[in-house]
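Below: one structure, written as structure tokens.
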Amino acid sequence: MASPRVLWIYPSLSLLSSLLLFHAFPPCRALRNYPENEVTLLDSMSALADLGWEAYPNEGWEEISVMDERNTPMRTYQVCNVMEANQNNWLRTRHISREEAQRVHIEIKFTLRDCNSLPGVPGTCKETFNMYYYESNNANLWFIKESQYIKIDTIAADESFTQVDVGDRVMKLNTEVRTINNLSKKGFYLAFQDLGACIALVSVRVFYKKCPLTVLNLAQFPDTITGGETALVEVHGVCVNASEEFEPPKMYCSADGGWLVPIGRCVCKPGFEENKDMCQPCRPGTYKASATDAYCTKCPPHSSSPQEQATECICEKGFYRAENDPRSTACTRPPSAPENPISTVNETCVTLEWAPPRDTGGRGDIIYNLNCTKCSGDGKKCTKCGSNVHFVPRNFGLSSTTVLVTDLEPDSNYSFTVESENGVSALSPTPKGKVVINVTTSQTVSVVLKERRSKDSVTLAWQGPERPNGVIVEYEVIYYEKNQREQNYTVLKTRSNMMTVEGLKPGTTYVFRVRARTDGGYGSYGGEIELETSHEDVLAIGDPNQSTILAVSIAGGIVLLIFLVTCFVVSGRHCGYIKAKQDPDEEKMQFQHGRVKLPGSRTYIHPHTYEDPNQAVRDFAKEIDASNIRIERVIGAGEFGEVCSGRLRMQGKREIYVAIKSLKAGYSDKQRRDFLSEASIMGQFDHANIIRLEGVVTRCKPVMIITEFMENGSLDTFLKKHDGQFTVIQLVGMLRGIASGMKYLSDMSYVHRDLAARNILVNSNLVCKVSDFGLSRVLEDDPEAAYTTRGGKIPIRWTAPEAIAYRKFTSASDVWSYGIVMWEVISYGERPYWEMSNQDVIKAIDEGYRLPAPMDCPVVLHQLMLDCWEKGRSDRPKFAQIVTILDKLIRNPASLRELANSSVCREDPSTPEFSVSTVDEWLDAIKMGHYKENFSSAGYVSLDSILYISVSELAKMGVSLAGHQKKILSSVQSLQTQGTHVQV
Ligand code: AMP
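The sequence shown maps to residues -30 to -1, 1 to 954 in mature numbering (1 follows the signal peptide of the UniProt record, and there is no 0).
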């Protein structure tokens, strides 16, 4: 029986198998690469020796070696007992260890003959075979009963041969995969049962699947063997090096070897950043403060990280980081000292003001602390002020730059130290920036009052304060009928030390009080004296019975008042004041219920009304001996010659700084007259905001005009030099001073004609004074003046249209010019109408154009400017009204908060608002997008990093325009307070 089988099948199967290997299953064996997630437990094709599987009965399955395409022998099992019925041929593998797997897969490759293709085979011919397994811990079983096997499946061929002859036929190999689940013993045996088919079992591969080692979200998941059946295996990941768990990482290994449902993640520790599934250290110059930050970022300004792996950057020397400062912000330093301190004394109160430090240290949290000490007369011994001195709003932790100090003692010296500090001052060993303001309240008029009484007048005389805190500008005499103060009182002002008060009621008791005013403000009233006018005219000189010696004590200061009973001849000189008998230096205001009752005011006298102009000089200017003047240096050039600074020492008076204008040699008579005309005009004025004439030198050459010295020079240059450095209150304070000076001039019916910032002088206390009163100045001196069509030279940009058109110069045209000065001040010395030509300016004004609000200009101030520029001159405000308006604004700074054109501070809810999240977006939103590169190359990459940027840093990175700096800083301020909503 064996021979026909051998005869028939051997050659045919050998041939069949080799053909299979060459054609249908050709190039695989040598290159057999298993998928990454499969672990092979058995592969018949890789067996080099006999497979050694059990076959029974003997004449059933047969192991046959065939050659593959590389001539390497490979093992196959074949059976083809198709001619005989009742076949039951078993082929059993060796014990296959399952390792860790509960679920294994069996991949079989085989060929199967189509029964129809075999001529003469009986009907018992089969085209299927069965596959079984038997689980066992025993690897050496020699016998397994058929009934012990568990059937895996009956395997049928998808492709079967239809012909034995291979010829040019392409043969197909069947591949079937079956799975065994839930294995639990050490291993198992596989068995193939043939019931009468013609089969060649080319390969049997047994494998299980695993989920291969992987790194996801910086967590490593190990090789994981899949679970049995469909179960998912939950696997916990381990954070890769230098990372930490953000949320416990886990994944599921699915039955087919795939990872599913990643949950949680790891993040790189501070000092490390993620790169390709790893955490690598931050490079020097960069840092990462928190594990949750994605990447290392460049060190913020003024800090560095010299080593790798930095978790924060170390501040440069002299720079610090406050405890609550985010690590991402620039290191900052303490601020410099407050600037431009000003004190204004009012009796026993003093208002102290200062400008913020030039260098904010890069922070926005500046506060000021005020220390008060009371000093001895020589200033050598100072003691801390007692608790009786009060500070409004307070003396420590001030965020504003002004404080009112009350309840000081009169006649005393005080020294105030204003210290600036910010969030890092406490970390710096260097002393805090401070500025000292010395104040003297000793302005009490410690007087000997002298008296000449008649039935309707009283003459008083007094001595000035012993230690005035500046040059005395004027004295103020207040008087009222006894017990009538609330209803009716009169204030008189004079530069002189005596005064005759006239127009009094006979036989009436009056109360008189005198106080002095210096640049620093008003002193205390030197006491109160009651005097009764006589019923008849009396003339008592030195009569002790008529003299009253009165000791007056105000807050510790004793004022002795003695009345002189001396005939005092009132100067009746040619002075042109309406109150002819009053001292020409006096100014009188009467108050009723606190309001001004129009007094007979003084009128300015034009020097040309004098037949002899030298007489005007003699009348209005004091002749000074040239030996009292020491010229020190040249400070400017005037129309007639140099302007110098120097000192003036007059007998019995303190030496003072003065400005000296001299008339250059070779002048004509007319030039001399014109030069001195300024003195004879200036000499008629006496006001804190008008440049004060000290006197003239006419008796020797060179002819000189001596005025008070204004340390900060002309206002336009001063503002340009300090662009952006003053608070709006300080600017309004300056404007108030100018308006007050102009009110005084207009009250005296003096029209200035050339009011402009260049003609305002500024002293060391920021007091602004109107100057430039020369007769010829508008014609010759002012470089801004241009010839008009009607002849005459006019500073077009500053001049009202009616004055340009038909030379109608009035106080109302001065008000127009004042509006332009306001614009100059708020814009820090910008040229009005910029580069427009004079002709274009005239045309534009005529067509209704007006200057727009300067940057950061409060709405109220621009409105006031527009009011000054009303076409109809009677529609413009008067200087008195301007002073009142500015006073109100100063008293209520909140009214200045609304800006005409700013990106911040607007309270208008309709203002467009953008939410920004990057520096670039922010710059675009505030229309400063052209600075993007400056910011990024300076390292300002996050919004956090710009929160404490300073002017000096902006300048360093190339943002040099003051207006742009201001715009950026004010937006930064709003970012600090309002978060990422930017108003534009
Ligand atoms: P003026 O001839 O008055 O225009 O003066 C010419 C320049 O000298 C001014 O622009 C000021 O810079 C300076 N100057 C004039 N008067 C004073 C003063 N009283 N104090 C300081 N500087 C002055």
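Beta carbons are placed, not taken as given, at the ideal position from N, Cα and C, and that holds for glycine.
Using a 10 angstroms sphere on the CB of Asp717, the tally of other CB atoms reaches 16 or more, which defines it as buried. Per DSSP, Pro822 is not a residue of any beta strand (DSSP E), being assigned neither H nor E. Taking all protein chains in view, the Cβ of Gln935 is crowded by 16 or more other Cβ atoms within 10 Å, so the residue is classified as buried. Relative to the ligand AMP, even the nearest heavy atom lies 7 Å or more away from the CB of Gly799. The alpha-carbon separation between Tyr178 and Ile76 amounts to approximately 9 Å. Residue pairing by DSSP places Leu374 opposite Thr321 and Val362 in a beta bridge.
Here the alpha carbons of Ser940 and Val830 stand approximately 19 Å from one another. Counting the other CB atoms within 10 Å of its CB gives Asp724 a total of 16 or more, which places it among the buried residues.
Three or more beta-carbon pairs separated by less than 8 Å link the region 840 to 859 to the region 702 to 712, which places the two stretches in contact.
In this structure, Val613 has its CB closer than 7 Å to one or more heavy atoms of the ligand AMP. Val52 sits in coil when the DSSP states are folded into three classes, being neither helix nor strand. At a threshold of 7 Å, Asp742 counts as near the ligand AMP, since its beta carbon sits closer than that to one of the ligand's heavy atoms.
For His206, the enclosing beta strand (DSSP E) starts and ends at Val203 to His206. For Ser906, the enclosing alpha helix (DSSP H) stretches over residues Lys902 to Ser907. Put simply, the backbone Cα of Cys223 is about 11 Å away from that of His206. The way I'd put it, the region 391 to 398 doesn't touch the region 442 to 455; fewer than three beta-carbon pairs between them come closer than 8 Å. Excluding residues up to 5 positions away in sequence, Ser313, Val375 and Val409 lie with their Cβ nearer than 6 Å to the Cβ of Val320 in the same chain.
Using a C-beta cut-off of 8 Å, the region 908 to 927 makes contact with the region 883 to 895, since at least three inter-stretch Cβ pairs fall below that distance. Judged by DSSP in its simplified three-state form, Lys344 adopts strand. Ser106 places its beta carbon less than 8 Å from that of Lys155. With a contact defined as Cβ atoms closer than 8 Å, Ala895 and Ala823 miss out at about 21 Å. When rounded, the separation of the alpha-carbon atoms in Ser741 and Tyr257 is 60 Å.
With respect to Leu736, Gln695 sits apart: the two C-beta atoms are not nearer than 8 Å. By the neighbour-count criterion, in which a residue is buried when 16 or more other Cβ atoms sit within 10 angstroms of its Cβ, Ile120 is exposed. Here the C-alpha atom of Glu678 lies approximately 27 Å from the C-alpha atom of Thr697.
Secondary structure of Glu891 (DSSP, three-state): helix. The Cβ atoms of Arg68 and Phe158 lie closer than 8 Å to each other. Around the Cβ of Lys739, a 10 Å sphere holds 16 or more other Cβ atoms; the residue is buried. Buried is the label assigned to Gly611, since at least 16 other Cβ atoms lie within 10 Å of its Cβ. When distances are taken from the beta-carbon of Glu678 to the heavy atoms of the ligand AMP, the shortest one is below 7 Å. Looking only at Glu70, Leu11 and Ser173, the smallest Cα-Cα distance to Pro43 is reached by Ser173. Put simply, the backbone Cα of Lys425 is about 31 Å away from that of Gly493.
For Ile796, the uninterrupted alpha helix (DSSP H) segment begins and ends at Ser781 to Ile796. At a cut-off of 7 Å, the beta-carbon of Ala629 counts as near the ligand AMP: some heavy atom of the ligand is closer than that. The Cβ-Cβ distance between Ala189 and Arg235 falls below 8 Å.
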